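J.:
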Ligand code: AMP
Ligand code: ZN
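Residue numbers (our numbering): 144 to 630.
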């Protein structure tokens with residue numbers, strides 16, 4: 144066993160993962176609040192921790208890893224969306240959960256072992272809050288229950304800040320019912336227009352932080368191995384999760400290793416609606432960027448570094464993936480080795496704090512070796528295929544399906560033309576352009592023949608000179624509208 148090393152945000156060191164129980168390695172990751180389509184940033188933790196999930200399954204066995212990623216389906220943003228649209232809350236959350244799974248699926252993200260919805264664990268949250276009140280760590284005030292930060296000595300250890308700094312630096316909500324400005328809400332009252340559950344403190348709903356503490360305890364126990372999320376959650380969300388769990392379950396130590404992915408930016412700027420550079424995963428997919436390409440771009444930057452999404456990176460990722468997938472399509476037998484052969488250097492790179500960038504660089508070396516059609520080359524090609532599929536989560540067969548050049552028959556099907564291509568509008572146009580190019584070449588007007596070839600390529604039509612004529616094929620980016628401008 145190579146052993147897995149991960150950077151622990153709690154100790155700020157890279158540590159060797161020593162599972163509490165190697166028969167059941169346990170990980171919890173904070174999932175989305177479900178009221179709208181996932182934006183591209185939301186996909187980053189899903190992909191990062193999916194790679195870790197895959198690596199853990201490889202190291203400890205697929206049946207020996209439990210991965211929990213929750214859905215926050217009770218939240219004031221959801222309530223606000225329901226009020227704005229007049230739609231029932233459950234309709235909004237059900238729809239958003241289905242979208243999320245669909246979009247993450249397109250990015251090759253495996254479904255975690257458990258995907259608990261917060262609303263299914265209200266009883267566990269109430270029980271935990273009761274324990275905190277009984278233990279003197281929480282108090283009731285005006286229908287609210289608050290966690291008393293001063294009752295937990297280690298508060299601030301994860302974020303490395305003193306309580307005084309936090310009060311000064313954070314926008315702490317000051318409310319008359321709080322004894323201390325840092326105290327945070329465990330339970331709050333709901334009026335009849337809001338979702339609510341009966342509790343010892345009246346009808347109300349949970350605060351956000353208690354959800355994760357309660358669900359992690361129910362599904363993973365008082366001590367587990369890894370807790371992850373975006374670094375925007377480090378404070379206060381994760382700091383509060385620790386305080387609640389440590390005080391309610393002093394027998395355990397909650398998560399051993401804390402991992403945080405850095406934020407995603409777009410073309411060097413923070414992604415935000417006001418800058419007009421905010422987009423959803425679905426929007427990118429609908430623009431024809433395959434999920435595998437999005438994932439490849441994500442994996443090219445270490446999870447602990449800010450990641451910049453750029454159109455250029457997407458183009459480069461597409462070109463690389465297309466090359467790898469094409470080679471595999473030419474020598475498909477390499478893939479059918481009965482046992483997946485995983486390259487040890489790829490495994491080692493990922494085991495070193497998820498160095499996916501290095502793993503991809505190694506995959507490129509395998510690709511270069513694989514170009515030789517020798518036994519060794521075939522082995523490298525098989526290894527490339529399996530490492531990409533099993534560990535990095537990109538199936539090169541799917542890549543080829545998405546990015547291979549299209550034949551005339553494909554395009555007839557795509558544009559639902561019930562006639563032969565040469566009777567179709569674009570078929571006739573392309574043939575006319577090819578004829579014109581042949582004439583230009585005959586007249587040695589190479590500038591014109593090149594112009595036609597390049598303009599066709601720009602429209603997504605690739606020409607190939609074959610004995611006795613010119614053949615053509617379509618790339619998946621074929622745009623019939625561009626043909627009109629060439630003539
Ligand atoms: P939310 O639905 O806002 O609670 O976010 C769900 C997950 O997405 C959390 O783990 C966040 O840390 C993460 N997240 C939100 N925005 C970004 C971003 N721009 N880059 C990376 N992760 C993000
Ligand atoms: Zn959480």
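Backbone N, C-alpha and C define an ideal beta-carbon position, used for all residues, glycine too.
Note that the structure is predicted; figures quoted are calculated from it, not measured.
If you scan the region 281-314 from start to end, which runs of the beta strand (DSSP E) of 3 or more residues do you find wholly inside it?
T.: DSSP runs (the beta strand (DSSP E)) wholly in the region 281-314: 281-284, 287-290.
J.: Tell me where the beta strand (DSSP E) around residue 432 begins and ends.
T.: That residue, residue 432, is in no beta strand (DSSP E); it is neither H nor E in DSSP.
J.: Is it right to say residue 317 is buried, meaning 16 or more other beta carbons lie within 10 angstroms of its own, or is it exposed?
T.: exposed
J.: Assuming residue 521 is part of the alpha helix (DSSP H), what are its boundary residues?
T.: 518-529
J.: Report the partner residues of residue 166 according to the DSSP bridge assignment.
T.: Answer by DSSP bridge pairing: none, since residue 166 is not bridged.
J.: Quick one: Cα of residue 476 to Cα of residue 271, how far?
T.: 56 angstroms
J.: Return the first residue and the last residue of the beta strand (DSSP E) that residue 332 is part of.
T.: 327-332
J.: Quick one: give me the first and last residue of the alpha helix (DSSP H) that residue 352 is part of.
T.: 351-363
J.: Are the beta-carbon atoms belonging to residue 305 and residue 299 less than 8 angstroms from one another?
T.: yes
J.: Are there any heavy atoms of the ligand AMP lying less than 7 angstroms away from the beta-carbon of residue 376, as far as the coordinates show?
T.: Result yes, Cβ under 7 angstroms from the ligand AMP.
J.: Looking only at its own chain, which residues have a Cβ that is under 8 angstroms from the Cβ of residue 334, when we skip the five neighbours before and after it?
T.: none
J.: Starting from the C-beta of residue 242, find all residues in its chain whose C-beta is less than 6 angstroms away, skip the five residues before and the five after it, and write them out in chain order.
T.: 180
J.: Here's the rule: buried if 16 or more other CB atoms are within 10 angstroms of the residue's CB, otherwise exposed. What is residue 580?
T.: buried
J.: Looking only at C-alpha atoms, which of 479, 516, 449 sits nearest to residue 408?
T.: Among 479, 516, 449, the Cα nearest to that of residue 408 is on 449.
J.: In the structure shown, what three-state DSSP assignment does residue 374 receive?
T.: Note: residue 374 maps to helix in three-state DSSP.
J.: Output yes or no for whether 8 angstroms exceeds the beta carbon distance between residue 424 and residue 186.
T.: yes
J.: Output the boundary residues of the alpha helix (DSSP H) element that contains residue 196.
T.: 183-203
J.: Buried or exposed: residue 331, going by 16 or more other Cβ atoms within 10 Å of its Cβ?
T.: buried
J.: When burial is assigned at 16 or more other CB atoms within 10 Å of the CB, is residue 434 buried or exposed?
T.: Buried, because 16 or more other Cβ atoms sit within 10 Å of the Cβ of residue 434.
J.: Sort 386, 372, 412, 421 by Cα distance to residue 401 and report the nearest one.
T.: 372
J.: In chain order, what are the residue ranges of uninterrupted beta strand (DSSP E) at least 3 long that sit wholly in the region 458-491?
T.: none
J.: Rounded to whole angstroms, what's the CA-CA distance from residue 619 to residue 526? Just pull it up for me.
T.: In this structure, the alpha-carbon of residue 619 lies about 27 angstroms from that of residue 526.
J.: Let me check you understand the geometry: is the CB of residue 380 closer than 7 angstroms to at least one non-hydrogen atom of the ligand ZN?
T.: yes
J.: Say yes only if the C-beta of residue 187 is nearer than 7 angstroms to one or more non-hydrogen atoms of the ligand AMP, and no if none qualify.
T.: yes
J.: Taking just the CA atoms, how far does residue 261 sit from residue 388?
T.: 16 angstroms
J.: CB residue 277 to CB residue 288, shorter than 8 angstroms?
T.: no
J.: Could you check what DSSP says for residue 229 in three-state terms: helix, strand or coil?
T.: coil
J.: Taking 8 angstroms as the cut-off, decide whether the C-beta atoms of residue 177 and residue 215 are in contact.
T.: yes
J.: Under 7 angstroms from any heavy atom of the ligand AMP, does the C-beta of residue 404 make it?
T.: yes
J.: Per DSSP, what kind of secondary structure is residue 336 in: helix, strand or coil?
T.: coil
J.: Are there three or more Cβ pairs, one per stretch, closer than 8 angstroms when the region 461-480 is compared with the region 403-417?
T.: Contact fails: fewer than three Cβ-Cβ distances are below 8 angstroms.
J.: Tell me which residues share the same chain as residue 198 and place their Cβ nearer than 6 angstroms to its Cβ, disregarding the 5 neighbours each side in the sequence.
T.: 493
J.: Less than 8 angstroms between the beta carbons of residue 411 and residue 375, yes or no?
T.: No Cβ-Cβ contact shorter than 8 angstroms links residue 411 with residue 375.
J.: Name the DSSP beta bridge partners of residue 367, please?
T.: 398
J.: Measuring from the CB of residue 248, is there a heavy atom of the ligand AMP at a distance below 7 angstroms?
T.: no
J.: What is the DSSP secondary structure of residue 149, counted as helix, strand or coil?
T.: strand
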